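Residue numbers (the numbering used here): 77 to 398.
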């Protein structure tokens, strides 16, 4: 077999691969030549220290239509996961970026500053993504721009942890033509939100945005000391609609009171509430705000609660009633 034939055979094998793991290959710069369009469904990339600072440029992304699950870990040089610059929108037939991707995991990428970048044309992207995990990305200041977040209509699970400078999950974009954004709904199928060890996190999203949340069942905010209230997007969500939330857990957050009367009325299905070492927390249930109609209403605000765990050294009042 000639060298040319051997190379051609290797290319055919790469194109037909369904599962690909590239781990501990320090000299790898790019995953595959940009001309190829492999049919990989599952991909794991780890401990590749010399990868290009842009993991997937636009001309590679267009060939990843079959990719369903992607995990990238401990790659020190990666600054941008997906760069959408250069993707062309054809009139009537817009390109859809990574239409099959359902699960994305990004772990310990110390230089990562953008999960996705340069989607200025707001091309339909990641519309089937259901699970996103971002851990240990110490240069990342936000996960999504607001225009990107609106495209993720099937996202069900968000886990973000150990990102030291992260300030928001969704970051607001500059206004165009003095447009005013109000009550914009994001993540209509979200059912689990877990935030761990985020010392700079202040908010989930801009004030004009709301998590739809009728499916959400679990909220965890663990060691986020600058998160000073139940995230406003979730609070608006709970005030506006019926809630299926089953479990809420807070650890080392800066709330003064956790649940007011309005939120308690919406959380009637909650089964577990855990509050750990929130030093500034002075009360759990505040029944004063707005006033309840009668004693019976107060007694039925939370009827399904079966687990309550409190470790709050400075708490003065458990329930504040009128």
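Built from N, CA and C at the ideal position, the CB exists for glycine as well. None of the values given here were measured: they were computed from a predicted structure.
query	result
So is residue 105 buried or exposed if we call it buried at 16+ other beta carbons inside 10 Å?	exposed
Unbroken beta strand (DSSP E) runs of length 3 or more, entirely within the stretch 169–211: which are they?	179–183, 190–193, 207–211
Assuming residue 156 and residue 135 are in contact, meaning their beta carbons sit under 8 angstroms apart, how far apart are those beta carbons, in whole angstroms?	Not a contact, Cβ separation roughly 14 angstroms.
Over the uninterrupted beta strand (DSSP E) stretch that includes residue 247, give me the two end residues.	244–247
Which of helix, strand or coil does DSSP assign to residue 367?	With a pLDDT of 45 at residue 367, under the threshold of 50, the modelled position of that residue is not reliable, and the figure given next carries that caveat. The answer is coil: DSSP assigns residue 367 none of H, G, I, E or B.
When DSSP builds the beta bridges, which residues end up paired with residue 95?	118
Cα separation between residue 210 and residue 271?	10 angstroms
If you draw a straight line from the alpha carbon of residue 275 to that of residue 292, how long is it in whole angstroms?	24 angstroms
Near residue 125, which residues of its chain fall below 6 angstroms by C-beta distance, leaving aside the five closest residues on each side in sequence?	102, 152
So for residue 276, helix, strand or coil by DSSP?	coil
Can you give me the start and stop residues for the beta strand (DSSP E) that residue 157 sits inside?	156–159
Identify every residue that forms a DSSP beta bridge with residue 227.	In the DSSP output, where bridge partners are listed per residue, residue 227 has none listed.
Tell me where the beta strand (DSSP E) around residue 235 begins and ends.	233–237
In the DSSP assignment, find the unbroken beta strand (DSSP E) run with residue 137 in it and report its ends.	Segment 134–137 is the alpha helix (DSSP H) holding residue 137; no beta strand (DSSP E) there.
Residue 221 and residue 247 - do their beta-carbons sit closer together than 8 angstroms?	yes
Short check: CB of residue 99 to CB of residue 122, under 8 angstroms?	yes
Is the Cβ-Cβ distance between residue 245 and residue 281 less than 8 angstroms?	yes
Between residue 215 and residue 188, how many whole angstroms is the CB-CB distance? I'm expecting something under 8 angstroms.	6 angstroms
So, with DSSP's three-state summary, where would you put residue 153?	coil
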